[in-house]
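Visitor: If you scroll down you'll find the structure; I have some questions about it.
In this note's numbering, the protein residues as written are 18 to 445.
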């Protein structure tokens, strides 16, 4: 098959890395790709959200299967346009991608189909939103309704912080159209876990759990980021809890979306909070849904997946998930993100990174690229999150050790990372 992967991040490098190992894959393209992806695929200079150009490329090259990495092109309807032309694609339609494109829509679906989540309200009116805060008190969470590049969520510890977040979105217009409506919801306490399932419109197949590290600094300090590291599996999500998540959260959502006339095909990424009930037993609730693989969680999932990744994605697109099962390596995979100095604020760009050969030579380590480009044979940083040094090992502690050996083998004085990725799971 001729396959096109859309995107340029660490997630897309991991997907390309897994797909190129499939016997089904003859030719692999990635648009736009990055310096690392260029080692495993032919990179094409088309932006991930340039839907019309991507569709033309897929037609011109007679692409058999398109894998859409980021949420942007999904919400813009790339999959709909491809399917209308008879080109098979992995990812939800624009109507189904509203699960991520609108937090209010997502919360309404959860409420309608009895999926456990935080109590909430949807508001376009500033005073109505503030009244909801006054009635419910703090801590409380304020979210811009639309896609805000991970910047639209405020966990407000005081009512004043919540009021400021509401003003920022509805009055000051910080998030543009994405913040024209806000969701204000109950604060949930507990341990946050990511869970992924492949969906084919009717059924769902569990992938695996992972745990992300959002804060920029060690010990979960500092501002939130797109993710500074992850590991899979997440010990907090036991097999019993995973079965419960499938039964109470994933399956009702897939059935509900089908009933709404928006069948969900692709990967459903459930952001979960594992809290405790009155008896102290763990209870999973849904924080949010995303309609694509997480980044950096995808890097850990692809390292652990034994089965043919491309065959699994095709089965989801074809409505054939009931006919496959997936095999996983029992080991832990752990990814440490290296970011450019200054991230998540203004960060340095166009700095050279060396030492890839030494890092990739560490046992069990693969370095996935995100914000990189090739320039005259040199690898330069062009993004905030730049590399994902990913290791597989029998234990979390060993995977952590190997990943940091890989980090330390790289020569990049203009980059940094957290030094405690995996701390929740080490010794668990």
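Cβ atoms here follow ideal geometry from the backbone N, Cα and C, with glycine treated the same way. Keep in mind that this is a model prediction, so the values were computed, not measured.
Classify residue 92 as helix, strand or coil using the three-state DSSP reduction.
Guide: Taking the first residue of the chain shown as position 1, residue 92 is located at position 75. Helix.
Visitor: With a threshold of 16 other CB atoms inside 10 Å of the CB of residue 349, please say whether the residue is buried or exposed.
Guide: Within the chain shown, residue 349 is the residue found at index 332, counting from 1. Its Cβ being crowded by 16 or more others within 10 Å, residue 349 is buried.
Visitor: If you follow the alpha helix (DSSP H) that residue 178 is part of, which residue opens it and which one closes it?
Guide: Sequence index remark: in the chain shown, residue 178 carries index 161 (1-based). Taken as a continuous stretch (DSSP letters only), the alpha helix (DSSP H) holding residue 178 covers 176-187.
Visitor: If you follow the alpha helix (DSSP H) that residue 335 is in, where does it begin and where does it stop?
Guide: Residue 335 sits at position 318 when you count from the first residue of the chain shown. Going by DSSP, residue 335 is part of the alpha helix (DSSP H) stretching over 326-335.
Visitor: Does DSSP put residue 161 in a helix, in a strand, or in coil?
Guide: Within the chain shown, residue 161 is the residue found at index 144, counting from 1. Strand at residue 161.
Visitor: So for residue 143, helix, strand or coil by DSSP?
Guide: Residue mapping note: residue 143 aligns to position 126 of the chain shown, counting from 1. Residue 143: helix per DSSP, three-state reduction.
Visitor: With DSSP run on the structure shown, which of helix, strand or coil describes residue 358?
Guide: Against the chain shown, residue 358 aligns to sequence position 341. Looking at residue 358 - three-state DSSP - the assignment turns out to be coil, as it is neither helix nor strand.
Visitor: Run through the DSSP bridge pairs and tell me what residue 18 is partnered with.
Guide: As a working mapping, residue 18 is identified with position 1 in the chain shown. According to DSSP, residue 18 bridges with nothing at all.
Visitor: Is residue 398 buried or exposed, if buried means 16 or more other CB atoms sit within 10 Å of its CB?
Guide: Stepping through the chain shown from its first residue, residue 398 is reached at position 381. So residue 398 ends up on the buried side.
Visitor: I need the boundaries of the beta strand (DSSP E) containing residue 228, first residue and last residue.
Guide: In the chain shown, counting from the first residue as 1, residue 228 sits at position 211. It spans 221-229 - the beta strand (DSSP E) in which residue 228 sits, taken as one unbroken run.
Visitor: Quick check: the Cα distance between residue 318 and residue 145, rounded to an integer number of angstroms?
Guide: Start at 1 with the first residue of the chain shown, and residue 318 comes out as number 301. Start at 1 with the first residue of the chain shown, and residue 145 comes out as number 128. Between residue 318 and residue 145, the C-alpha separation is close to 42 Å.
Visitor: Could you give the first and the last residue of the continuous alpha helix (DSSP H) run that contains residue 401?
Guide: Here residue 401 refers to the residue found at position 384 of the chain shown. Here residue 401 belongs to no alpha helix (DSSP H), and DSSP marks it neither H nor E.
Visitor: Find the nearest neighbour of residue 269 within the set 126, 140, 38, 143, judged by alpha-carbon distance.
Guide: Looking up residue 269 in the chain shown gives position 252. Among 126, 140, 38, 143, the Cα nearest to that of residue 269 is on 126.
Visitor: Straight-line CA distance for residue 245 to residue 387?
Guide: Taking the chain shown and counting its residues from 1, the one referred to as residue 245 is at position 228. Taking the chain shown and counting its residues from 1, the one referred to as residue 387 is at position 370. Each residue's alpha carbon lies about 12 Å from the other.
Visitor: Are the C-beta atoms of residue 400 and some chain B residue less than 8 Å apart?
Guide: Note that chain B does not occur in the displayed structure, where there is just one protein chain.
Visitor: Alpha carbons only, please: which of 312, 411, 393, 346 is nearest the one belonging to residue 404?
Guide: Counting from 1 along the chain shown, the entry for residue 404 is found at position 387. When each option's Cα is compared against that of residue 404, the closest is 312.
Visitor: Pull the bridge partners of residue 105 from the DSSP assignment, please.
Guide: For the purposes of this step, residue 105 is identified with residue 88 of the chain shown, where counting begins at 1. Looking at the DSSP assignment, residue 105 forms a beta bridge with 82.
Visitor: For residue 236, which residues from the same chain have a beta carbon less than 7 Å from its beta carbon, with the 5 sequence-adjacent residues on both sides left out?
Guide: Numbered from its first residue, the chain shown carries residue 236 at position 219. Closer than 7 Å at the Cβ level, and outside the excluded window around residue 236, lie 437.
Visitor: Considering only their Cβ atoms, is the gap separating residue 49 from residue 64 smaller than 8 Å?
Guide: As a first step, residue 64 must be located in the chain shown, where it is residue number 47. As a first step, residue 49 must be located in the chain shown, where it is residue number 32. Cβ distance < 8 Å, so residue 64 and residue 49 count as in contact.
Visitor: Does residue 297 come out as helix, strand or coil in the three-state DSSP assignment?
Guide: One-based indexing of the chain shown puts residue 297 at position 280. If DSSP states are grouped into helix, strand and coil, residue 297 belongs with coil.
Visitor: Tell me whether the region 213-224 and the region 421-428 touch, counting them as touching only if at least three CB pairs, one residue from each stretch, are closer than 8 Å.
Guide: Contact between the region 213-224 and the region 421-428 is absent, with fewer than three C-beta pairs closer than 8 Å.
Visitor: Can residue 80 and residue 19 be called in contact, C-beta distance under 8 Å?
Guide: Residue numbering aside, residue 80 sits at position 63 when the chain shown is read from its first letter. Residue numbering aside, residue 19 sits at position 2 when the chain shown is read from its first letter. Result yes, Cβ atoms of residue 80 and residue 19 sit closer than 8 Å.
Visitor: Give me, in chain order, the residues of the same chain whose beta-carbon lies closer than 7 Å to that of residue 109; leave out the 5 immediate sequence neighbours on both sides.
Guide: In the chain shown, counting from the first residue as 1, residue 109 sits at position 92. Take residue 109, set aside five residues on each side of it, and the residues of its chain with a beta-carbon closer than 7 Å to its own are 91, 96, 281, 282, 283, 308, in chain order.
Visitor: Between which two residues does the beta strand (DSSP E) containing residue 239 stretch?
Guide: Residue mapping note: residue 239 aligns to position 222 of the chain shown, counting from 1. Bounds of the beta strand (DSSP E) holding residue 239 are 238-241.
Visitor: Go through its chain and collect everything with a Cβ distance to residue 137's Cβ below 6 Å, but skip five positions before and after it.
Guide: As a first step, residue 137 is located in the chain shown; it is residue number 120 there, counting from the start. These residues qualify, in order along the chain: 124, 200, 202.
Visitor: Quick one, which of 232, 194, 327 has its alpha-carbon nearest residue 106's?
Guide: Within the chain shown, numbered from 1, the residue matching residue 106 stands at position 89. Comparing Cα positions, the closest option is 327.
Visitor: When the Cα of residue 168 is compared with those of 179, 192, 347, 149, which residue comes out closest?
Guide: Locating residue 168 in the chain shown gives position 151, where the first residue counts as 1. Of 179, 192, 347, 149, the residue nearest in Cα terms is 192.
Visitor: Which one of 416, 423, 325, 345 has the shortest CA to CA distance from residue 371?
Guide: Residue mapping note: residue 371 aligns to position 354 of the chain shown, counting from 1. Checking every option, the nearest Cα to that of residue 371 belongs to 423.
Visitor: Can you have a look at residue 102 and say buried or exposed, based on whether 16 or more other CB atoms are within 10 angstroms of its CB?
Guide: In the chain shown, counting from the first residue as 1, residue 102 sits at position 85. Under this definition residue 102 is an exposed residue.
Visitor: Work out the CA separation of residue 205 and residue 452 for me, nearest whole Å.
Guide: Outside the shown range of the chain (18 to 445) lies residue 452, about which nothing can therefore be said.
Visitor: Quick one: what does DSSP say residue 63 is sitting in, helix, strand or coil?
Guide: By one-based count along the chain shown, residue 63 stands at place 46. Coil.
Visitor: Between residue 29 and residue 148, what straight-line distance do the alpha-carbon atoms span, to the nearest angstrom?
Guide: Counting from one through the chain shown, the residue named residue 29 turns up at place 12. Counting from one through the chain shown, the residue named residue 148 turns up at place 131. For residue 29 and residue 148, the distance between alpha carbons rounds to 43 Å.
Visitor: Buried or exposed, going by whether 16 or more other CB atoms sit within 10 Å of the CB of residue 85?
Guide: For the purposes of this step, residue 85 is taken as the residue at position 68 of the chain shown. Burial call: buried.
Visitor: For residue 94 versus residue 66, is the C-beta spacing smaller than 8 Å?
Guide: Position 77 of the chain shown, counted from the start, is the residue given in the question as residue 94. Position 49 of the chain shown, counted from the start, is the residue given in the question as residue 66. Not closer than 8 Å, so no.
Visitor: Going by C-alpha to C-alpha distance, which of 54, 339, 211 sits closest to residue 32?
Guide: Here the question's residue 32 lines up with position 15 in the chain shown. Among 54, 339, 211, the Cα nearest to that of residue 32 is on 54.
Visitor: Measure the Cβ-Cβ separation of residue 420 and residue 314 and say whether it is below 8 Å.
Guide: If you number the chain shown from 1, residue 420 lands on position 403. If you number the chain shown from 1, residue 314 lands on position 297. Contact: no.
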